[in-house]
Each structure stands twice: as structure tokens, then as C-alpha cells.
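Engineer:
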Ligand SMILES: C[S@@+](CC[C@H](N)C(=O)[O-])C[C@H]1O[C@@H](n2cnc3c(N)ncnc32)[C@H](O)[C@@H]1O
């Protein structure tokens, strides 16, 4: 079903623009820009709304630009490549505000809403990307029409959004540096030349399954290949050829993944070549501070846009307003990046993180940077961050939380409300769960400042840093 001549009114959440039919029904449209008039191919029709994607642009919005990447339409990774970057930044700033006000009940008055920080590099900023192998690459509608009986072809690229078994073959991803594209394309070519089989997502058989690429700002690269079968002599030849071809590929791991899912976190990895980790250097997060060096190991979290991560950490440190001597908790600490910047000023910092490898890296990061007042504990926040933990480490003056997209578990929110730290800095990559958690914290804390930061240009994702202050007994 096609809905004709739908006027697109606003950007909407999660990159899905919003328009209305003549009889007032809401239409959620992928691939549209506010100001467009479009025909919409309906994917889902409900009583009160339609969901679909642009079938034809009848009249383009002045905000539209020509996407620079040829994969945009099918890929879905860059939901907003058809929008100019200033418009993307504007819509992200509005999304942070909308979520915090509507879901988080944050007042517009009495709170400092800092101007949004856009990214200086809207392309080729990512330092980590995961590509999947397939024996039957996704074909666009145009390809299917042109050649409906074409035989299956192998591919290496990204999952089509919403389809775990459909993979787009990618030649040039505009979010990663060109060198990464060259490595990925060479892996595909060498593997095909050696006759190595590619993964069949439905049948769950095949040799090459997933390749992850990581890099640092100095231009060193790490690759981690998950194999569905033991690589055997041809697999080792392929990996060897890749390391010979790319001198900036300084580390190559492989692992055998015979599980149902593609997750690498419980796969044992073997170092095939080079360094165990990459090293990343980050400028001081505040004036007068020191630059820090961080180890990036295959499984540990490290912010995917390193330039903007530096800005994000500066914002978090400014919000924390440390003077010296404070007890700080850095919860969901990853490899301890925020914790170690805080430890340059604070009396002591305690971090919690669920991935053991990340905590090992955090401990090594502290040692490498000569920091002795930061300690880290491994485990699920829900089980570790308890009254006993607080009694053992002392009540914090400042708590920083930086949870994953799903936000914090209610038990963690409850413990934060109970301890009422004077300052709570909430760093989030998902303003809607951040707003939900802030609403749950509203009896104990009030919002003082809000700062949106763009870490992920071309996508709808946005980072938000909120400073909360504990309410006094009379306010609570
Ligand atoms: C958004 S990252 C933040 C990392 C760090 N603050 C940084 O900037 O690099 C979230 C981190 O929380 C960790 N994590 C996710 N769920 C967790 C849980 N339930 N308990 C503890 N850590 C968790 C993840 O492994 C990840 O390292």
C-alpha cells in the first residue's frame, strides 16, 4: 500500500520522521526529512498510525542533501545521511530536550541548558565496526528487478536493519577511515581467492562468520575474526596474507564461535599476530590536567568516536566540578577512562564494570598512567553497587554513571536515590532511558545542567550529560 503526498512535519525520535494523512492519521516514515512531501510505502498499518518508508520524494525539503555513501538506502546504519549535518545536530539537540522535559519532567526554567556540541568530523570518525559474512548477500530492489534469477553471491558487510539473516555487502563505509575499508575488502577478496566458505546465517554453517575492526587515532588497526569452523591451513594463509598486506594492521585475533549468536564476549580469542592491545592517547580533559594513555583490548568498551569522547569527558569533568580530595564513583566504567581523568583531581575513584577484560584494562591503564588512587570492581552493577559497597568505599561526593542504551536497572536507581550523593553526573547514549531514570530519581535529585554532545553523526544517536544535585531534606 502506498500513501501519496504525505507532508513531513518533524524529525521524530530514533530517526523516524513524522507526517499526517489527510484524515489526521500519524505516519512514521523512514528516510524522510522534515519539509519533504513523499509517497510512503506502508510496512505496518495500525488503527491510529502507519509505519513505512519513503517510496518517492514528490517534493524535497530544503534540508535534504545528496548522501555521499552509495549504500545509504539499503544499509540503514546512517539513518540521516540525507540531511545536512547542521540539521542533524539541531534535531538531536531537540530530541535531548524533548525526552528530558516530556519523560523526565525536567523543567525548562531553572535548569542550565548548555548549547549542543556538534562533531567537527561528520564522517570517518568510528574506531570500531563489525562486519558479518554471508554466502548470500542482500540484493536491492533494483538488482532484483534487473536480474531476478541471479545466483547467490557471498558478501561481507552490515545487517539490513531488522533482519538478522540479511547482510549487505559493503565496499566503502563512510563512517570509518578508508584504511579500514581497504582491510575489509582485502579479507573478502583473499578469502574468496582461497575458496574459504562464508557463513550461512540461517543454516548456521560456514567458515568465516564476523570480522571486527578497531583503530586508534594514531592509525593503528586491530582485527578480530570469528570463525564458524576452525580456520584450517587456508584460513591461516588468509590471515597471514592480510597481515603482510597492511603494515598498520598491528594486531590480529581469531576465535572459534560455534554458538547460535554472533556475540564475541564469551568466545575465547587467540592472538594470531602482533600486539595484544591498541594504545590510545587522549588530551587532558581539563586545563591543567595530564594527557592519558588507554589500552584497547579486543573485548573492552572504548568510545567509538575518540575525538568527541574527549569533549564528552571534558563536559563530565566540568559538571563534576571536582576541587580535590573527593570520593568519586565511576559506575559502568568500561576501561576506566572517566575514572582516570577524575582521579587526577579527586581523592579516590572507584569504578564498577561488568566486562572482566575491560576492568583488567582499566587496572593496567591506571598503572601505565601512574595513577594509584583508582580501584575497579568487576560485576553486574545490580549486584555490586549495594549498601555494603558504599559502606566499604565510603559515601561518594560525586557519582558518575554511564550505562548502556537500556539505562540503569531499577535496583541501581533505588540505591542512587538512597545514598543521595551531592552530585550525580549522568552520561547517557540514550536520552529516553536517561529521562526515565531521572524521573525515577526525582524525589532525591534535581537537574542542574544539561549538555547534549554528538558522538555519532549521520545516525540519530545522541549523547547527553546531565548534572543532578541531591535535594535537601526540605526540598525532597
Ligand atoms: C556506555 S559504556 C561506558 C564506558 C565508559 N564510561 C567510557 O566512556 O568508556 C557502558 C559500560 O557499561 C558496562 N555495563 C553494561 N551493563 C553493565 C552492568 N549491568 N553492570 C556493570 N557494567 C555494565 C559495559 O560493559 C560498558 O563498558
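Residue numbers (my numbering): -16 to 459. Every residue, glycine too, gets a C-beta built ideally from N, C-alpha and C. Bear in mind the structure is a predicted one, so any value in this text is a computation, not a measurement.
Here's a check: name, in chain order, each residue in its chain whose Cβ is nearer than 6 Å to the Cβ of residue 356, leaving out the five neighbours to either side.
Structural biologist: Cβ neighbours of residue 356 beyond the five flanking positions: 326 and 331.
Engineer: In three-state terms, what does DSSP make of residue 0?
Structural biologist: Three-state DSSP puts residue 0 in a strand.
Engineer: With DSSP as the reference, identify every bridge partner of residue 195, one or two as the case may be.
Structural biologist: Paired residues: 113 and 207.
Engineer: Ligand 1 and residue 435: does the residue's C-beta get closer than 6 Å to at least one heavy atom of that ligand?
Structural biologist: Not under cutoff, so the answer is no.
Engineer: If we count the other Cβ atoms within 10 Å of its Cβ and call it buried at 16 or more, is residue 234 buried or exposed?
Structural biologist: With 16 or more Cβ atoms within 10 Å of its Cβ, residue 234 is classed as buried.
Engineer: Restricting to Cα atoms, I'd like to know which of 260, 98, 151 and 52 is closest to residue 464.
Structural biologist: Given that the chain is displayed from residue -16 to residue 459, the structure contains no residue 464 and the question cannot be resolved.
Engineer: With a threshold of 8 Å, are at least 3 pairs of Cβ atoms found where one atom belongs to the stretch 281 to 290 and the other to the stretch 237 to 253?
Structural biologist: Contact holds: three or more Cβ-Cβ distances are below 8 Å.
Engineer: Can you look up residue 411 in the DSSP assignment and give me helix, strand or coil?
Structural biologist: Here residue 411 sits in strand by DSSP.
Engineer: Is there at least one non-hydrogen atom of ligand 1 closer than 6 Å to the beta-carbon of residue 68?
Structural biologist: Residue 68 Cβ: outside cutoff for every heavy atom of ligand 1.
Engineer: Is the closest heavy atom of ligand 1 to the C-beta of residue 320 under 6 Å?
Structural biologist: Within the cutoff, so yes.
Engineer: With respect to 6 Å, is the separation between the Cβ of residue 387 and the closest non-hydrogen atom of ligand 1 below this value?
Structural biologist: Under cutoff, so the answer is yes.
Engineer: Between 174, 247 and 244, which has its C-alpha nearest residue 214's C-alpha?
Structural biologist: When only C-alpha atoms are compared, the closest one is 174.
Engineer: Could you check where the beta strand (DSSP E) with residue 36 kicks off and where it finishes?
Structural biologist: Counting along the chain, the beta strand (DSSP E) containing residue 36 begins and ends at 32 to 42.
Engineer: Just to confirm before moving on: does the CB-CB distance between residue 390 and residue 437 stay below 7 Å?
Structural biologist: Going by C-beta atoms, residue 390 is not nearer than 7 Å to residue 437.
Engineer: To the nearest angstrom, how far is it from the Cα of residue 14 to the Cα of residue 152?
Structural biologist: So the two alpha carbons sit approximately 20 Å from each other.
Engineer: According to DSSP, is residue 70 helix, strand or coil?
Structural biologist: DSSP places residue 70 in helix when its eight states are reduced to three.
Engineer: Taking Cβ positions, are residue 33 and residue 10 nearer each other than 7 Å?
Structural biologist: Yes; because the gap between Cβ atoms is below 7 Å, this pair is in contact.
Engineer: Rounded to whole angstroms, what is the Cα-Cα separation between residue 350 and residue 307?
Structural biologist: Those two C-alpha atoms are separated by around 21 Å.
Engineer: At what residue ranges does the stretch 397 to 442 contain a whole run of the alpha helix (DSSP H), taking only runs of 4 or more?
Structural biologist: Here the runs fully enclosed are 414 to 423.
Engineer: Would you tell me roughly how many angstroms separate the C-alpha atoms of residue 35 and residue 114, rounded to the nearest one?
Structural biologist: The alpha-carbon atoms of residue 35 and residue 114 are separated by roughly 27 Å.
Engineer: Taking one C-beta from the stretch 338 to 349 and one from the stretch 403 to 418 each time, how about it: are there three or more such pairs within less than 8 Å?
Structural biologist: Verdict: no, contact absent.
Engineer: Per DSSP, residue 141 forms a beta bridge with which residues?
Structural biologist: Residue 141 pairs with 151.
Engineer: Quick check: the Cα distance between residue 74 and residue 45, rounded to an integer number of angstroms?
Structural biologist: Cα-Cα distance, rounded: 15 Å.
Engineer: Please state if the CB of residue 228 and the CB of residue 176 are separated by a distance shorter than 7 Å.
Structural biologist: Contact: no.
Engineer: Would the stretch 25 to 32 and the stretch 396 to 412 be scored as touching if the rule is three or more Cβ pairs under 8 Å?
Structural biologist: Too few Cβ pairs lie closer than 8 Å, so no.
Engineer: Start and end of the alpha helix (DSSP H) containing residue 340?
Structural biologist: Where residue 340 is concerned, the enclosing alpha helix (DSSP H) stretches over 339 to 351.
Engineer: In terms of alpha-carbon separation, which member of 429, 445 and 433 lies closest to residue 455?
Structural biologist: When each option's Cα is compared against that of residue 455, the closest is 429.
Engineer: For residue 405 and residue 380, what's the separation of their Cα atoms in angstroms?
Structural biologist: Their Cα atoms are separated by approximately 6 Å.
Engineer: What does the Cβ neighbour count give for residue 248, buried or exposed, with the cut at 16 atoms within 10 Å?
Structural biologist: Flag for residue 248 reads exposed.
Engineer: Looking at ligand 1, does it come within less than 6 Å of residue 415, judged from the CB to the closest heavy atom?
Structural biologist: No, Cβ of residue 415 sits at least 6 Å from all heavy atoms of ligand 1.
Engineer: Cα separation between residue 460 and residue 60?
Structural biologist: Outside the shown range of the chain, which is -16 to 459, sits residue 460, and nothing can be said about it.
Engineer: With 16 as the cutoff for other CB atoms within 10 Å, does residue 163 come out buried or exposed?
Structural biologist: Residue 163 is buried by the Cβ-count criterion.
Engineer: Looking at the strands, I want to know which residues DSSP matches up with residue 453.
Structural biologist: Partner(s): 428.
Engineer: Could you tell me which residues DSSP pairs with residue 96 in its beta bridges?
Structural biologist: Per DSSP, 433.
Engineer: At a threshold of 6 Å, does residue 496 count as lining ligand 1 (C-beta to nearest heavy atom)?
Structural biologist: No information on residue 496 is available, as it lies outside the stretch -16 to 459 that the chain covers here.
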